[in-house]
Amino acid sequence: MIELRDMSPQEFERYRTHGIEEYAKDLARVLLLNREQALVEATASFNDSLPNGAATSGHRLVCARLAGSAENIAIVWYAIKQRTYGKQLFIYDFEVVTTWRGKGYGEQILNAVLDAGRADGAEYAELAVFNDNPTAARLYARLGFKAVNTRMHRRL
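End of the sequence shown = 172 in this note's numbering, gap-free, step of one.
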């Protein structure tokens with residue numbers, strides 16, 4: 017069984033640093049940016065999405081762990097948003113600790129997040145995944161997510 021709990025202020029600061037760094041790596045890789053450009057873009061995106069940090073209204077930043085354990089095995093950042101078509105749970109970030117990957121916990125954690133969203137009134141769930149991450153895409157497909165668009169990019 018998976019437990020979700022809100023990040024502590026210290027966990028949030030560690031996550032913020034790590035999350036920006038990892039997102040910058042993704043942006044550099046897929047948008048062909050240099051490290052500095054990618055860090056600026058990742059930091060701006062993070063700050064725009066979480067202007068009040070972990071206290072940003074409607075957002076939830078959680079650590080996932082096995083029931084009864086104190087060890088965090090993943091982080092999830094999600095928000096519940098009202099859309100014209102209903103309440104949506106949007107997953108901004110999901111990362112399983114490397115040593116816990118490939119053991120089926122990702123699916124359990126995402127199911128716990130989807131259950132939490134349902135309990136908060138969400139009717140739909142959405143997330144984004146980079147095309148060069150087929151492992152994550154397969155996980156999301158197993159959970160019933162469908163690709164709805166493709167964003168394309170090229171350098172001029």
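Backbone N, C-alpha and C fix where the C-beta goes; we use that ideal spot for every residue, glycine too.
_Below-7 angstroms beta-carbon distance, residue 154 vs any chain D residue_ = Given the protein chain composition of this structure (a single chain), no chain D is represented.
_Taking the straight line between their C-alpha atoms, what separation do you get for residue 141 and residue 171?_
Rounded to whole angstroms, residue 141 to residue 171 spans 32 angstroms at the Cα level.
*Neighbourhood of residue 158 by C-beta, 8 angstroms cutoff - its chain only, sequence neighbours within 5 removed*: So the qualifying residues of the chain are 123.
*asked:* By alpha-carbon positions, which one of 130, 23, 38 and 153 ends up nearest to residue 11?
replied: Given that the chain is displayed from residue 17 to residue 172, the structure contains no residue 11 and the question cannot be resolved.
*Determine the extent of the alpha helix (DSSP H) in which residue 152 is found, giving its start and end residues.*
First-last of the alpha helix (DSSP H) with residue 152: 150–158.
*If you follow the beta strand (DSSP E) that residue 106 is part of, which residue opens it and which one closes it?*
It spans 102–112 - the beta strand (DSSP E) in which residue 106 sits, taken as one unbroken run.
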